[in-house]
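Novice: Before I ask anything, let me first share the structure, which is written out below as C-alpha cells.
2 protein chains.
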Amino acid sequence: MRPLDNITVLDLSHAVAGPHCTYHLGLMGADIIKVERPVLGDDLRHYTEHAGLKTLSAPFIAYNTGKRSITLDLTKPAAREILARLMPRADVMVENFRPGVAKRLGLDYDSAKQWNPRIIYCSISGFGQTGVMRDWPAYDHIIQSISGVMMMNGSDGEPPLKVGLPLADVFSGYVAAFAIVSALLQRERSGGDGQYIDVGMLDALMIMMNAGIVTYRLSGEPPRRTGNLGFRLVATSSVYKTRDGYLGIGANHQPQIEALFRIIGRPDLLVDPRFADHAARMKHNEALRDLLADLFATRSAEELEPKLAEAKVPAGKVRTLAETVDHPHIRERDLFVTSSVPGLRQTVPIVGAGFRFQHDGPKRNGAVATIGEHTDSVLREVGFSSDDVAAFRAAGTI
Amino acid sequence: MRPLDNITVLDLSHAVAGPHCTYHLGLMGADIIKVERPVLGDDLRHYTEHAGLKTLSAPFIAYNTGKRSITLDLTKPAAREILARLMPRADVMVENFRPGVAKRLGLDYDSAKQWNPRIIYCSISGFGQTGVMRDWPAYDHIIQSISGVMMMNGSDGEPPLKVGLPLADVFSGYVAAFAIVSALLQRERSGGDGQYIDVGMLDALMIMMNAGIVTYRLSGEPPRRTGNLGFRLVATSSVYKTRDGYLGIGANHQPQIEALFRIIGRPDLLVDPRFADHAARMKHNEALRDLLADLFATRSAEELEPKLAEAKVPAGKVRTLAETVDHPHIRERDLFVTSSVPGLRQTVPIVGAGFRFQHDGPKRNGAVATIGEHTDSVLREVGFSSDDVAAFRAAGTI
Chain B
1 MRPLDNITVL DLSHAVAGPH CTYHLGLMGA DIIKVERPVL GDDLRHYTEH
51 AGLKTLSAPF IAYNTGKRSI TLDLTKPAAR EILARLMPRA DVMVENFRPG
101 VAKRLGLDYD SAKQWNPRII YCSISGFGQT GVMRDWPAYD HIIQSISGVM
151 MMNGSDGEPP LKVGLPLADV FSGYVAAFAI VSALLQRERS GGDGQYIDVG
201 MLDALMIMMN AGIVTYRLSG EPPRRTGNLG FRLVATSSVY KTRDGYLGIG
251 ANHQPQIEAL FRIIGRPDLL VDPRFADHAA RMKHNEALRD LLADLFATRS
301 AEELEPKLAE AKVPAGKVRT LAETVDHPHI RERDLFVTSS VPGLRQTVPI
351 VGAGFRFQHD GPKRNGAVAT IGEHTDSVLR EVGFSSDDVA AFRAAGTI
Chain F
1001 MRPLDNITVL DLSHAVAGPH CTYHLGLMGA DIIKVERPVL GDDLRHYTEH
1051 AGLKTLSAPF IAYNTGKRSI TLDLTKPAAR EILARLMPRA DVMVENFRPG
1101 VAKRLGLDYD SAKQWNPRII YCSISGFGQT GVMRDWPAYD HIIQSISGVM
1151 MMNGSDGEPP LKVGLPLADV FSGYVAAFAI VSALLQRERS GGDGQYIDVG
1201 MLDALMIMMN AGIVTYRLSG EPPRRTGNLG FRLVATSSVY KTRDGYLGIG
1251 ANHQPQIEAL FRIIGRPDLL VDPRFADHAA RMKHNEALRD LLADLFATRS
1301 AEELEPKLAE AKVPAGKVRT LAETVDHPHI RERDLFVTSS VPGLRQTVPI
1351 VGAGFRFQHD GPKRNGAVAT IGEHTDSVLR EVGFSSDDVA AFRAAGTI
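Residue numbers (our numbering), protein chains in the order written: chain B, 1 to 398; chain F, 1001 to 1398.
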C-alpha cells in the first residue's frame, strides 16, 4: 500500500501554498477532496490562459491534478450540514484563509474537533496564527521581501532581487505536507487524538536561511551576497560565459582544480605560484577569475561539460527549463506523471513526487477536475440522497 | 509522544543535503546517530570559521544540532562488526555518497536489508541512482546551473543568476525528510518491510519548477524572467525604492489597488482612464511602473508598510536577514531552538522546524557533538564491551 492510501484530506485551500501541499499528499495515495466556492472555484484557475483553456491555468494544473472537486458555499448555514458529514470521514483538513476567517465561518480547529477529535487540521497563512503581523495580507513576493531572501539573492551593491520562483508559496506548502505526514505518523503510533498545525510562509522560509542566520549570529555580519559564486567562494567554483552559453564549474578541492586546469589546457597554472594552492588562489582570486573568464569565453560549454564531469570536476551547462525537461537524463529519471486536462486531447506531463520508492511509490497519473465535478458523487458517498443534493444546489449551497 | 520518538536514524551523510534531512527528523523526535570518519569528521565542520570555533562552521551548527556523533572508518573490514549491530537497531539509514560508493563499501540497500529487512534506506545524490548523469559529481550551484532555475532567477536579457541560497542542497534534504516520514508511515500502516528511497537533487528541484514546466508545456514558451514583479506581472505588484529602503507591494485586485492609490495620496489615479481598471492598467503597465517609481522615491517604506497592511494591501519592507531575525514578529513566533556549541559560553539560536504543533511538537533544544563524542556510549549501547571499544580504537576503526 502507498503511505497515504485510504487517508482522506478535506482541502479548503486555494491559490498556491495549500494546493501544493495537498498535491503531494495526493501523490502519496491520499484522496483529496478539494472544496471550491460555487461558480468561480479556486482563484488560481483564472490565472494566465494557455492553449485555449478557460478556468485551467498552468499553475492550477500543476498543483491540482489528481484531486476531486466539490463546490460548497461556506458562508451558507446549510454548508454545516454537509461539513458535519465530511469532517468525521476526513483524516486531514487543510485551509489557507487569513487568520480568523476559519473561526468566523465556524470552521476553526475547535469546531472541527467537535466533529472529529482525530482530525489533523493544518492552517497555512502568510505570517502564522500569532504575532504582530498575523493579520497582514501576503503574497509570495511580500514574504520574500520581508524574509531577507531578496538581500541574499544577487550581488552586493545591487538592489534587492526576488528569487525567480514562487519560493515562499511552494516551499511553505511542502513544509505543511511534511508536518501533516509527521502528525499522521504521530497519531498512528500514539493511537491518540489529532493535531493542530500552524504553518506560516515567513516561518517556513526561515528553514532555507538557517545557515545564513547562524553565520550572522556567530559573526555579527549578515551573509554576503555572492552572485554566481559557489559555496566556497573561490573563482574555480562559479559560472562562466563560453562561446556557446554559460557553464557552471565547481572545483573546490586540489584534485578537482588540477583536473580543471588540465582539461582547459592550462596545466601551467598548477605551477604558477599565484594559483598553485588554496591559500595562493584565495589571495589572487580576482586575477584567477579574470583569467578563467577570458579563457572560457573562447571555449565550448557543450564540449567541456562531459569532459569535466568525466574527470570528476562538478560542471553543468546552464540550461533553460525547456532544455532541462527534454534532457535524456531527466527523461530517464521518469519524473513526470501525466495530467488529463479537460479540453485537451493530449495529457500534460507534470512533475510528480520528485523522489522514487522501490515499491508502492507515488501515484503516476491523475486528472484535473472541473469545478464541482465530484460534488454529487462525494455527497452521495456521505449519505445524502439525490433529492438532498438537488435541494442544496437549488439553495446555492453547492 | 513526538512523531518520531524512539525512531533511530543511522546517518552516514555529510555536507548539506543529508544532514539537513536528518536535522529535521531529529526535531520530530528521532535519535540521529551521525557517523563521521575518524579524526576529520564531516567536511562541513571545516567550512568558514567564526567566533574562533575550530571544526564547527556555522552551516555545520545549523544542520547538525541535536545529533549524536560516532566515528567509523567504513573502509576498514572491522567496521562491518559495528554496522552489524547498529543496522538492526536502526529504523532509517541515510547516505549521500556518490552512486556506487555505498555498494563498494558493502553498505548498499541489498546489504542493509540483510541486516534489517525493516530498514528505510534513503540515498541522496546529485542526479539520482539512474540515468546518464548518475555518476556526475555535483554541488548546489551545478544543480542550479543544469536545472533551469538560473534562467528563471533575475530578469530577461541578463546573464544566468544563481538563487542566493543553497536551494538544491537544502530543498533536496527536506524532500528526503518528507519521503522518509512517508515511508515510516507506510511501514507502520502496512506492517510490512522497509523501503528504498532514491532522492536526486536535480529531481527535487523540479518540484519547485512545476508551474513553470506546465506553462512551458502548454504554451511552448519557457516562463519569462520577471525580476521583482509579483505573480500577476502588474506594476502594482512589485518592489520599489523609497527614501528609506525598498518596499514590496502586492496590489493585484481592484479593491487592493484602490486602497493603494488612496494611501499613497493619489486617489486621482482611480479616475485616470489609463489606470482605472485592470485592462487599462495592463495596457499602460510601464507608464504606471514609472509613475509609481517616481512616487515611492519620495516616500518612506517604514511609514507605508503598516498603513498598507492595515488597509489589506499586501506590503513588506525589504529587510536584511539581520533585520528579519530580530523583528518582534519573528521573536513572537518562537521559531528558534537553541544550540549548545562546544567552545561557546552562550547558546546559539538556530531555526527549528518552521511550523508549530498544538501538542507534542518539535524539539526545542540540542547540542552540537564533537567528532565522535558518542562513539563509546553508542557502542556500549549495542553491546560492545569497553575492551572491544578500545580494540576498535587501537585499530583505527573508530
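We put the CB at the ideal spot given by N, CA and C, even for glycine.
With F:I1146 as the anchor, note down where its alpha helix (DSSP H) starts and where it stops.
Specialist: Reading the second sequence from its first residue, position 146 is the one you call residue 1146 of chain F. Its alpha helix (DSSP H) spans residues 1140-1147.
Novice: Could you check where the beta strand (DSSP E) with B:V337 kicks off and where it finishes?
Specialist: Looking up residue 337 of chain B in the first sequence gives position 337. Counting along the chain, the unbroken beta strand (DSSP E) around B:V337 starts and ends at 336-340.
Novice: Taking the alpha helix (DSSP H) that B:K103 falls in, what are its first and last residues?
Specialist: On the first sequence, residue 103 of chain B is found 103 positions in, with the first residue counted as 1. B:K103 -> alpha helix (DSSP H) spans 101-104.
Novice: Checking contacts by CB at 7 angstroms: is F:R1299 closer than that to chain B?
Specialist: Residue numbering aside, residue 1299 of chain F sits at position 299 when the second sequence is read from its first letter. No, no contact with chain B.
Novice: For chain B, is any of its Cβ atoms less than 7 angstroms away from the one on F:H1329?
Specialist: Numbered from its first residue, the second sequence carries residue 1329 of chain F at position 329. It does; some Cβ of chain B falls within 7 angstroms.
Novice: In this structure, what does DSSP give as the bridge partners for F:V1356?
Specialist: Here residue 1356 of chain F corresponds to residue number 356 of the second sequence, with the count starting at 1. It should be pointed out that residue 1356 of chain F corresponds to Arg in this sequence rather than to Val. Paired residue(s): B:D198.
Novice: According to DSSP, B:K317 sits in a beta bridge with which residue or residues?
Specialist: Numbered from 1 along the first sequence, position 317 holds the residue referred to as residue 317 of chain B. According to DSSP, which records beta bridges pairwise, B:K317 is partnered with B:L247.
Novice: Roughly how many angstroms separate the alpha carbons of F:L1403 and B:E323, rounded to a whole number?
Specialist: Only positions 1001 to 1398 of chain F appear in this structure, which leaves residue 1403 of chain F out of reach.
Novice: Using a Cβ-Cβ cutoff of less than 6 angstroms, which residues in the same chain neighbour F:L1379 once the five nearest sequence positions on both sides are dropped?
Specialist: The residue you call residue 1379 of chain F lines up with position 379 of the second sequence. Only V1389 meet the Cβ criterion.
Novice: Near B:F127, what residues of its chain come up, given a Cβ to Cβ distance below 7 angstroms and the 5 sequence neighbours on each side ignored?
Specialist: Residue numbering aside, residue 127 of chain B sits at position 127 when the first sequence is read from its first letter. Around B:F127: M133, R134, W136, A138, G200, L202.
Novice: Could you spell out where the alpha helix (DSSP H) holding B:D11 opens and where it closes?
Specialist: What you label residue 11 of chain B is simply residue 11 of the first sequence in a count that begins at 1. Per DSSP, B:D11 belongs to no alpha helix (DSSP H); it is in the beta strand (DSSP E), 8-11.
Novice: Taking Cβ-Cβ distances shorter than 7 angstroms, what residues in chain F pair up with B:G212?
Specialist: By one-based count along the first sequence, residue 212 of chain B stands at place 212. Here the neighbours are L1321.
Novice: With hydrogens ignored, establish whether the beta-carbon of F:T1130 is closer than 6 angstroms to any heavy atom of the ligand FAD.
Specialist: As far as ligands go, the structure on display features none, and thus does not contain the ligand FAD.
Novice: In chain order, what residues of the same chain lie with their CB nearer than 7 angstroms to the CB of F:D1360, ignoring the 5 residues before and after it?
Specialist: One-based indexing of the second sequence puts residue 1360 of chain F at position 360. For F:D1360, where only same-chain residues beyond five positions count, the Cβ hits under 7 angstroms are M1001, R1002.
Novice: Using the C-alpha atoms, what's the distance from F:F1275 back to B:T38?
Specialist: Along the first sequence, one-based indexing puts residue 38 of chain B at 38. Along the second sequence, one-based indexing puts residue 1275 of chain F at 275. What sits at residue 38 of chain B in the sequence shown is Pro, not Thr. Straight across, the Cα-Cα distance linking B:P38 with F:F1275 is about 30 angstroms.
Novice: Go ahead and pull the three-state DSSP assignment for B:D277.
Specialist: Here residue 277 of chain B is taken as the residue at index 277 of the first sequence, counted from 1. In this structure, B:D277 counts as coil in the three-state DSSP scheme.
Novice: In the DSSP assignment, what are the bridge partners of B:R68?
Specialist: Position 68 of the first sequence, counted from the start, is the residue given in the question as residue 68 of chain B. Under DSSP, B:R68 shares a beta bridge with B:I33.
Novice: Could you give the C-beta distance for B:K312 and B:Q256, rounded to a whole number, given that I count them as a contact under 8 angstroms?
Specialist: Walking along the first sequence from the start, residue 312 of chain B turns up at place 312. Walking along the first sequence from the start, residue 256 of chain B turns up at place 256. Contact holds; Cβ gap of about 7 angstroms.
Novice: Once the 5 residues before and after B:E36 are set aside, which same chain residues still bring their CB inside 8 angstroms of it?
Specialist: Taking the first residue of the first sequence as 1, we reach residue 36 of chain B at position 36. In chain order, H14, D42, S69, I70, T71, L72, I371, G372 place their CB closer than 8 angstroms to the CB of B:E36, counting only its own chain and leaving out the 5 sequence neighbours on each side.
Novice: Grouping DSSP H, G and I as helix and E and B as strand, with all else coil, what is F:G1026?
Specialist: The sequence position of residue 1026 of chain F within the second sequence is 26, counting from 1. DSSP places F:G1026 in helix when its eight states are reduced to three.
Novice: Considering only the beta carbon of each residue, do F:L1218 and B:A51 sit closer than 7 angstroms?
Specialist: As a working mapping, residue 1218 of chain F is identified with position 218 in the second sequence. As a working mapping, residue 51 of chain B is identified with position 51 in the first sequence. Yes.
Novice: Look at the alpha carbon of F:T1130 and the alpha carbon of B:R243, and state the distance between them as a whole number of angstroms.
Specialist: Position 130 of the second sequence, counted from the first residue, corresponds to residue 1130 of chain F. Position 243 of the first sequence, counted from the first residue, corresponds to residue 243 of chain B. Taking the straight line from one Cα to the other gives about 31 angstroms.
Novice: Are at least three pairs of beta-carbons, each pair with one atom in the region 1103-1113 of chain F and one in the region 1018-1035 of chain F, less than 8 angstroms apart?
Specialist: Judged by Cβ distances under 8 angstroms, the region 1103-1113 of chain F makes no contact with the region 1018-1035 of chain F, as fewer than three pairs qualify.
Novice: Identify which residue in F:R1098, F:T1022, F:R1262 has its Cα closest to the Cα of F:G1066.
Specialist: Start at 1 with the first residue of the second sequence, and residue 1066 of chain F comes out as number 66. For F:G1066, the nearest C-alpha among the options comes from F:T1022.
Novice: Within its chain, find whatever has a CB closer than 8 angstroms to the CB of B:S147; leave out the 5 residues flanking it on each side and keep chain order.
Specialist: Your numbering for residue 147 of chain B matches position 147 in the first sequence. Closer than 8 angstroms at Cβ, skipping near neighbours: A168, L202, L205, M206, M209.
Novice: Considering only the alpha carbon of each residue, which of F:L1185, F:P1349, F:R1045, F:V1163 lies closest to B:L4?
Specialist: Translated into the one-based positions of the first sequence, residue 4 of chain B becomes position 4. B:L4 has its Cα closest to that of F:L1185, out of F:L1185, F:P1349, F:R1045, F:V1163.
Novice: Are the region 79-95 of chain B and the region 55-62 of chain B touching, with three or more C-beta to C-beta distances below 8 angstroms?
Specialist: no
Novice: Could you give the DSSP three-state label for B:P349: helix, strand or coil?
Specialist: Translated into the one-based positions of the first sequence, residue 349 of chain B becomes position 349. Note: B:P349 maps to strand in three-state DSSP.
Novice: Got a sec: which bits of the region 1060-1086 of chain F sit with their beta carbon under 8 angstroms from any beta carbon on chain B, in order along the chain?
Specialist: Only those residues of the region 1060-1086 of chain F whose C-beta falls short of 8 angstroms from the nearest C-beta of chain B are listed: I1061, A1062, Y1063.
Novice: Round the Cβ separation of B:V318 and F:P1160 to the nearest angstrom and send it over; I've been treating them as touching at under 8 angstroms.
Specialist: Taking the first residue of the first sequence as position 1, residue 318 of chain B is located at position 318. Taking the first residue of the second sequence as position 1, residue 1160 of chain F is located at position 160. Correct: roughly 4 angstroms between the Cβ atoms.
Novice: In terms of alpha-carbon separation, which member of F:I1350, F:D1294, F:T1375, F:F1355 lies closest to F:G1366?
Specialist: On the second sequence, residue 1366 of chain F is found 366 positions in, with the first residue counted as 1. The option with the nearest alpha carbon to F:G1366 is F:I1350.
Novice: Can the beta-carbon of F:Y1246 be found less than 7 angstroms from the beta-carbon of F:Y1196?
Specialist: Locating residue 1246 of chain F in the second sequence gives position 246, where the first residue counts as 1. Locating residue 1196 of chain F in the second sequence gives position 196, where the first residue counts as 1. In this structure, F:Y1196 does not lie closer than 7 angstroms to F:Y1246 by Cβ.
Novice: Counting only beta-carbon separations shorter than 7 angstroms, does F:W1136 have a partner in chain B?
Specialist: In the second sequence, residue 1136 of chain F corresponds to position 136, counting from 1. F:W1136 counts as touching chain B.
Novice: Given this structure, state the Cα-to-Cα distance separating F:L1406 from B:V368, to the nearest angstrom.
Specialist: Nothing can be reported for residue 1406 of chain F, as the shown portion of chain F is limited to 1001 through 1398.
Novice: Count the other C-beta atoms from every protein chain shown that fall within 10 angstroms of the C-beta of F:D1190, then say buried if there are 16 or more, exposed otherwise.
Specialist: Here the question's residue 1190 of chain F lines up with position 190 in the second sequence. Correcting the residue identity first, residue 1190 of chain F is Ser in this sequence and not Asp. Exposure of F:S1190 is indicated by the presence of fewer than 16 other C-beta atoms within 10 angstroms of its C-beta.
Novice: What do you reckon, are the CB atoms on F:M1151 and B:T236 nearer than 7 angstroms?
Specialist: Locating residue 1151 of chain F in the second sequence gives position 151, where the first residue counts as 1. Locating residue 236 of chain B in the first sequence gives position 236, where the first residue counts as 1. The Cβ atoms of F:M1151 and B:T236 do not sit closer than 7 angstroms to each other.
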